[in-house]
Structures are given as C-alpha cells and as structure tokens.
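Going by this note's numbering, the first residue of the sequence shown is number 92, and it counts up by one from there. Ideal Cβ placement from N, Cα and C applies to all residues, glycine included.
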Amino acid sequence: MPESSATIIEHLQEVCQGYLVNMGVEGEVRARIDFDTENEQELIVLNIESEEASLLIGQGGNHLLAFQHLLRATVQKKTNTFFKFTLDINDYRKERKDFLESLAHSLAEKALREGEEIEMRPMSSFERRVVHKAVAERSEVETESRGVEPERRVVIKPKRSIPV
C-alpha cells in the first residue's frame, strides 16, 4: 500500500537529517508540497538551509543531484512507494534556473545576431530542460541536445528559413 505524502515527507526529513548528522553538517530541513503543472501531480520539495551549502551542492550541483538520488532511493525502499521529489539547498536550484534562463536568452540573441550555432557547456538534464524551455518561447531560434552523458549539452541556433 502506497504511503501518504505526509508519511513520505516525514521519512525524507528523518533520513536527510540523519545523513547531515553523519556528514557532520549542520542544516535545517524543511519540506513542502508543490503541484507540478507540467506533469499534473504533486511534487515534494525538500529544502536544506545550511552554512555549508557549497559542500552539499558541489561543483555544478553534482553533490546535490547525488544527495537527492540517495534520499529518493533510501525512502522509496523504506516506503515501497514511488514519489516525485526535488531537493534544494539554500534555493540553489531556483537561483540556477533564473541564471540559466537569462543566459539562454542572451545566447539566443547572440545566435541570431551572428547567424551561428552556440554550443553551451555540458549540463544536467534539469539544466538542459530549463534552457530548452526558455528558448522555446522564441520563434526565431531553436535548441537541440547533443552528446552523451556526462558531456551532453544544449546547442542554440537560429531557425533556418525555407525559401518559398
């Protein structure tokens, strides 16, 4: 029998706090339930507030993604329930999303101005999705992902007009 969101949140907070203690990291763990409009389902968001955020986030968010995966796997095994869950640390994901959206718009302008493709650095699937969505708002440019993990990246390019 699947667990309720409240029970899953309790398990997530308990497991997360335990991992923080074992790592010797002080942090406050808060949880909330959002609604994922894209997938039309509940999304549990766990946020850690810590002065040692850089240790938990890691370069390019790698530690954050690994920590999220570890928490999900542990709690799913414990509850035998699949659930949507996102881990954030000191609002890193929100700030990163805002930065990537701004960067995507700037690079779209540059691609149009120069008439050439712009290849971004390798990114996580979350980051690539942010860029694709930001550029999708514009009709004169397009994006595509190229490469294989962990070197997968987004290319922003002007749309080629087809002569009539």
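Inset, instruction - Might you give, ordered along the chain, the residues of its own chain that have their beta carbon closer than 8 angstroms to the beta carbon of Ile124, omitting 5 neighbours on each side? - result: Ser96, Ile100, Glu133, Leu134, Ile135 and Val136
Inset, instruction - Check Phe126 in the structure and name its three-state DSSP category. - result: strand
Legend entry - Glu169 (DSSP reduced to helix, strand or coil): Reading off the sequence, residue 169 comes out as Lys, not Glu. Here Lys169 sits in helix by DSSP.
Legend entry - Between the CA atoms of Lys169 and His196 - distance to the nearest angstrom: 42 angstroms
Legend entry - Sequence-distant residues of its chain with Cβ nearer than 8 angstroms to Phe126 (five each side left out): Gln132, Glu133 and Leu134
Legend entry - Option nearest Thr98 by Cα separation, candidates Arg220, Asp179, Gly118 and Phe173: Phe173
Inset, instruction - Taking all protein chains shown into account, decide if Thr128 is buried (16 or more other Cβ within 10 angstroms of its Cβ) or exposed. - result: exposed
Inset, instruction - Identify, in the order they occur along the chain, each residue of the same chain with its Cβ nearer than 8 angstroms to the Cβ of Glu242, setting aside the five sequence neighbours on each side. - result: Pro213
Legend entry - Identity of the residues DSSP links to Ile180 by a beta bridge: Ile139
Inset, instruction - Report the rounded CA-to-CA distance for Val246 versus Gly109, giving the unit in angstroms. - result: 41 angstroms
Inset, instruction - Please state if the CB of Glu142 and the CB of Glu119 are separated by a distance shorter than 8 angstroms. - result: no
Legend entry - Unbroken alpha helix (DSSP H) run spanning Val226, endpoints: Ser216 to Ala227
Inset, instruction - Pull up the distance between the alpha-carbon of Ser145 and that of Glu228, whole angstroms please. - result: 32 angstroms
Inset, instruction - Could you tell me whether the Cβ atoms of Val221 and Glu192 are closer together than 8 angstroms? - result: yes
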